[in-house]
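Number of protein chains: 2
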Amino acid sequence: MNEILNKFEGFIFDLDGTIYRGSKLIDGAKEVFQVLNDLNKKFVFVSNRTTSTPEKYQEVLNAFGITCKEEQIITSAEVTKNYLIQNHPEEKVFVIGEKIFIDYLKVNGIEIANHQIDIVLVSLDRTLNFQKILKAQKALQNGSRFFAANIDNTCPVEDTEILDAGFTIAALENLTNRRLEKNFGKPSKLIVNEILKRIDLPADKCILIGDRLETDILMAKQNGITSVLVLSGVTNENLLWKSHIKPDFVLKNISELTKD
Amino acid sequence: MNEILNKFEGFIFDLDGTIYRGSKLIDGAKEVFQVLNDLNKKFVFVSNRTTSTPEKYQEVLNAFGITCKEEQIITSAEVTKNYLIQNHPEEKVFVIGEKIFIDYLKVNGIEIANHQIDIVLVSLDRTLNFQKILKAQKALQNGSRFFAANIDNTCPVEDTEILDAGFTIAALENLTNRRLEKNFGKPSKLIVNEILKRIDLPADKCILIGDRLETDILMAKQNGITSVLVLSGVTNENLLWKSHIKPDFVLKNISELTKD
């Protein structure tokens, strides 16, 4: 696969399922970044998770022996925050999400509210309960906006997967007959713009490596970025064959990027 | 529609959306039962709700001026309880459901458990939270049985609809790659058997009146019972046209049963 390494200038990596799985680094991942550094390639990391911060991701990657700067990590939380500040500075947001995400929005001046809600914002929430669903339902029925920081159906944790925002979104769509209006995470145009700005290269000079068809690979395809599916995460060969989303390359895992 | 009244001997009624909506009786519903009594017809009521009891339903109906006995009311909770006692008397059941349902199972000798779970049983649960989903997920991944007391996607309350068991079932199926094994509510064979036993008539002498295509009408069609869809509940004409489930008759509401 040295062909890939030589052909592209910018490398966009998913994290969970691509670089590591739970607390375990994918075999050979560290060496991939040594080669990329040796070849002077640019790279960034992109996550749809709102339950961590670029700073924390940097620590995790550094602990795995992968050197990177905080600016090389792009999260859907950041894209969400930027969009809300620019487009809805005065509006009250009800968040189905975890404390770290809510605190991050608050610190950045976004007004979080439980009443007189202008915007319902959905993300991964391990503290999800029926009352939150009801509150969001009522707000949507009263005409509030309907946004999501990510749309993944499941999220990998340790040896299993848990419910992610996709289910909350589907439930609310079903209950209210409303449709999600905007997603700030992969595969949205908004996070693509942030990625290309951060990597400072045009789409056709970039390649994306990820484990999820409906976010990683779809985003690459819709934006003229070459895509590599790795089978080290949520997608197995069976799911790949059944899907209409077809990556440009399929690798067992990230370490094959640097193999002949 | 007097033709219907004369032709059938047994009348099977759904409750929510058919006889009443929230705390409001459907106009003319009371008169329907006066006519049925005058004609000496048999009738029963069937509910997929596990959050009430036949005794409570009887009180509600009586308060609306509809006279009936407790034995004329069949709930999915009762069918669930009977099945578990007969088929899994020694097994531990983890319930995603409300206190009234759990208490009812307990009182009837079913062992409710949070650990070493043999059976995951799903129903409507307004106290649903992420921890319950995780516990059920883990049990299913460890091989526990997967049952539901009802499979409705939504449940009408006051002027809106809330998430019902269907959402929890879909989430668990997706997370675990397991499929629900058994449903005790409409449209299951188990609740049909109980209905026909209670009304003491063969299926072809009965007619079912309900507002939900995928439970009421489907159950009737699959079991040789003539079906009437009423548009006073969750199904409007648009949903009816789009569905592959076609009732034998469609009425604006139950009162049309007794109109010429």
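For the record, the sequence lines run as chains U and L. Quick note on numbering: my numbering labels position 175 of the first sequence as 175, and the sequence is numbered without any gaps. Quick note on numbering: my numbering labels position 193 of the second sequence as 1193, and the sequence is numbered without any gaps. Ideal Cβ placement from N, Cα and C applies to all residues, glycine included. No experiment lies behind these values; they were computed from the predicted model shown.
Next item on the list: Could you check what DSSP says for F1043 (chain L) in three-state terms: helix, strand or coil?
Entry: Sequence index remark: in the second sequence, residue 1043 (chain L) carries index 43 (1-based). Correct three-state label for F1043 (chain L): strand.
Notebook entry, point to check: Which stretch, first to last residue, makes up the beta strand (DSSP E) that contains V234 (chain U)?
Noted result: For the purposes of this step, residue 234 (chain U) is taken as the residue at position 234 of the first sequence. Element bounds for V234 (chain U): n/a, residue is neither H nor E.
Item checked: alpha helix (DSSP H) segments (min. 4 residues) lying fully within the segment 72-111 of chain U -> 76-87, 99-107
Margin query: Can you check whether the C-beta of Q1058 (chain L) is within less than 8 angstroms of a C-beta belonging to chain U?
Written below: Residue 1058 (chain L) sits at position 58 when you count from the first residue of the second sequence. So no, Q1058 (chain L) is outside the interface.
Notebook entry, point to check: Using a C-beta cutoff of 8 angstroms, does I102 (chain U) count as contacting chain L?
Noted result: To locate residue 102 (chain U), count along the first sequence from 1; it is residue 102. Output row for I102 (chain U): interface = no.
Item checked: CA-to-CA distance, C155 (chain U) to I162 (chain U), given in whole angstroms -> The residue labelled residue 162 (chain U) in the question sits at position 162 within the first sequence. The residue labelled residue 155 (chain U) in the question sits at position 155 within the first sequence. Whole-angstrom Cα-Cα distance: 5 angstroms.
Next item on the list: Quick one: using the 10 Å Cβ neighbour count with 16 as the cut-off for buried, is Q1058 (chain L) buried or exposed?
Entry: As a working mapping, residue 1058 (chain L) is identified with position 58 in the second sequence. With 16 or more Cβ atoms within 10 Å of its Cβ, Q1058 (chain L) is classed as buried.
Check: Quick one: any contact between the segment 159-175 of chain U and the segment 194-202 of chain U, if contact means 3 or more CB pairs under 8 angstroms?
Finding: no
Note to self: What does DSSP give as the partner residue(s) for T154 (chain U) in the beta ladder?
What the structure shows: Along the first sequence, read from residue 1 onward, the residue named residue 154 (chain U) stands at position 154. Per DSSP, U:L163.
Margin query: I want to verify the contact list: residues of chain U whose CB lies under 8 angstroms from the CB of R1178 (chain L), in sequence order.
Written below: As a working note, residue 1178 (chain L) is residue 178 in the second sequence. Listed along chain U is no residue with a C-beta nearer than 8 angstroms to that of R1178 (chain L); the closest approach is about 13 angstroms.
Notebook entry, point to check: Which partner residues of G210 (chain U) appear in the DSSP bridge assignment?
Noted result: Position 210 of the first sequence, counted from the start, is the residue given in the question as residue 210 (chain U). The partner list for G210 (chain U) (beta bridge, DSSP) reads U:L229.
Check: Straight-line CA distance for F43 (chain U) to V250 (chain U)?
Finding: Here residue 43 (chain U) refers to the residue found at position 43 of the first sequence. Here residue 250 (chain U) refers to the residue found at position 250 of the first sequence. In a straight line, the C-alpha of F43 (chain U) is about 19 angstroms away from that of V250 (chain U).
Check: Checking contacts by CB at 8 angstroms: is A1171 (chain L) closer than that to chain U?
Finding: Reading the second sequence from its first residue, position 171 is the one you call residue 1171 (chain L). With 8 angstroms as the cut-off, A1171 (chain L) counts as an interface residue toward chain U.
Notebook entry, point to check: Along chain U, which residues have their Cβ under 9 angstroms away from the Cβ of L1128 (chain L)?
Noted result: Along the second sequence, read from residue 1 onward, the residue named residue 1128 (chain L) stands at position 128. Neighbours of L1128 (chain L) on chain U, chain order: L128, N129, F130, I133.
Next item on the list: Just mark L39 (chain U) as buried or exposed, buried being the case when its beta carbon has 16 or more other beta carbons within 10 Å.
Entry: What you label residue 39 (chain U) is simply residue 39 of the first sequence in a count that begins at 1. The residue in question, L39 (chain U), is exposed, as its Cβ has fewer than 16 Cβ neighbours within 10 Å.
Check: By the criterion of Cβ-Cβ separation under 7 angstroms, what are the contact partners of I1217 (chain L) in chain U?
Finding: Sequence index remark: in the second sequence, residue 1217 (chain L) carries index 217 (1-based). Those within 7 angstroms of I1217 (chain L) in chain U number zero; the least Cβ separation is about 20 angstroms.
Note to self: So I96 (chain U) contacts chain L; which residues on that side make the cut at Cβ distance below 9 angstroms?
What the structure shows: Residue 96 (chain U) sits at position 96 when you count from the first residue of the first sequence. Neighbours of I96 (chain U) on chain L: none; closest Cβ ~11 angstroms, over 9 angstroms.
Check: What in chain U is Cβ-close to F1167 (chain L), meaning under 7 angstroms?
Finding: Counting from 1 along the second sequence, the entry for residue 1167 (chain L) is found at position 167. Those within 7 angstroms of F1167 (chain L) in chain U are A171.
Check: If you count every other CB in all the chains shown that lies within 10 Å of the CB of N1062 (chain L), and 16 or more means buried, which is it?
Finding: In the second sequence, the residue the question calls residue 1062 (chain L) occupies position 62. N1062 (chain L) is exposed by the Cβ-count criterion.
Margin query: List, in chain order, every chain L residue whose beta-carbon is nearer than 7 angstroms to that of E161 (chain U).
Written below: Here residue 161 (chain U) is taken as the residue at index 161 of the first sequence, counted from 1. Neighbours of E161 (chain U) on chain L, chain order: L1175.
Margin query: According to DSSP, simplified to helix, strand and coil, what is I1012 (chain L)?
Written below: Here residue 1012 (chain L) is taken as the residue at index 12 of the second sequence, counted from 1. In this structure, I1012 (chain L) counts as strand in the three-state DSSP scheme.
Notebook entry, point to check: Per DSSP, which one or two residues make a beta bridge with I4 (chain U)?
Noted result: Here residue 4 (chain U) refers to the residue found at position 4 when the first sequence is read from its first residue. Partner(s): none; I4 (chain U) has no beta bridge.
Checklist line | Same chain only: Cβ atoms within 6 angstroms of F1210 (chain L), ignoring 5 sequence neighbours per side | finding: Stepping through the second sequence from its first residue, residue 1210 (chain L) is reached at position 210. The sequence given here has Gly at residue 1210 (chain L), not Phe. Around G1210 (chain L): D1014, T1018, D1216.
Notebook entry, point to check: Would you call Q222 (chain U) buried or exposed, if buried means 16 or more other Cβ atoms sit within 10 Å of its Cβ?
Noted result: Locating residue 222 (chain U) in the first sequence gives position 222, counting from the first residue. Looking at its Cβ environment, which holds fewer than 16 other Cβ atoms inside 10 Å, Q222 (chain U) is exposed.
Notebook entry, point to check: Roughly how many whole angstroms lie between the Cα atoms of E256 (chain U) and V230 (chain U)?
Noted result: For the purposes of this step, residue 256 (chain U) is taken as the residue at position 256 of the first sequence. For the purposes of this step, residue 230 (chain U) is taken as the residue at position 230 of the first sequence. Spanning the two alpha carbons is a distance of roughly 9 angstroms.
Checklist line | Distance between I1100 (chain L) and D1260 (chain L) (C-alpha atoms, nearest Å) | finding: Mapped onto the second sequence, residue 1260 (chain L) falls at position 260. Mapped onto the second sequence, residue 1100 (chain L) falls at position 100. Their Cα atoms are separated by approximately 42 angstroms.
Next item on the list: With L1121 (chain L) as the anchor, note down where its beta strand (DSSP E) starts and where it stops.
Entry: Here residue 1121 (chain L) is taken as the residue at index 121 of the second sequence, counted from 1. Counting along the chain, the beta strand (DSSP E) containing L1121 (chain L) begins and ends at 1119-1122.
Margin query: Within 8 angstroms of any Cβ in chain U, is that where the Cβ of T1154 (chain L) sits?
Written below: Stepping through the second sequence from its first residue, residue 1154 (chain L) is reached at position 154. For T1154 (chain L), the answer is yes, since a Cβ of chain U falls inside 8 angstroms of its Cβ.
Next item on the list: Please name the residue or residues paired with L25 (chain U) in a DSSP beta bridge.
Entry: Mapped onto the first sequence, residue 25 (chain U) falls at position 25. BP columns for L25 (chain U) point to U:Y20.
Next item on the list: Can you grab the Cα-Cα spacing for the pair H115 (chain U) / I26 (chain U), in whole Å?
Entry: The residue given as residue 115 (chain U) occupies position 115 in the first sequence. The residue given as residue 26 (chain U) occupies position 26 in the first sequence. If you take the alpha carbons of H115 (chain U) and I26 (chain U), they lie about 45 angstroms apart.
Check: Expressed to the nearest angstrom, what Euclidean distance is found between the alpha-carbon atoms of D1125 (chain L) and A1170 (chain L)?
Finding: Along the second sequence, one-based indexing puts residue 1125 (chain L) at 125. Along the second sequence, one-based indexing puts residue 1170 (chain L) at 170. About 14 angstroms.
Check: Buried or exposed: where does R1145 (chain L) fall if 16 or more other Cβ atoms within 10 Å of its Cβ makes it buried?
Finding: Locating residue 1145 (chain L) in the second sequence gives position 145, where the first residue counts as 1. The residue is buried, with at least 16 neighbouring Cβ atoms inside 10 Å.
Next item on the list: Out of U:V122, U:P187, U:N2, U:K182, point me to the one whose CA is closest to G224 (chain U)'s CA.
Entry: In the first sequence, residue 224 (chain U) corresponds to position 224, counting from 1. Of the residues U:V122, U:P187, U:N2, U:K182, the one whose Cα lies closest to the Cα of G224 (chain U) is U:P187.
Notebook entry, point to check: How is A1220 (chain L) classed by DSSP in three states: helix, strand or coil?
Noted result: Taking the second sequence and counting its residues from 1, one reaches residue 1220 (chain L) at position 220. Collapsing the DSSP output to three states places A1220 (chain L) in a helix.
Check: In its own chain, which residues sit with a C-beta less than 7 angstroms from the C-beta of E1214 (chain L), not counting the 5 before and 5 after it?
Finding: Translated into the one-based positions of the second sequence, residue 1214 (chain L) becomes position 214. The answer, listed in chain order, is I1245.
Check: Under the rule that 16 or more other beta-carbon atoms within 10 Å means buried, what is K252 (chain U), buried or exposed?
Finding: Numbered from its first residue, the first sequence carries residue 252 (chain U) at position 252. Result: exposed.
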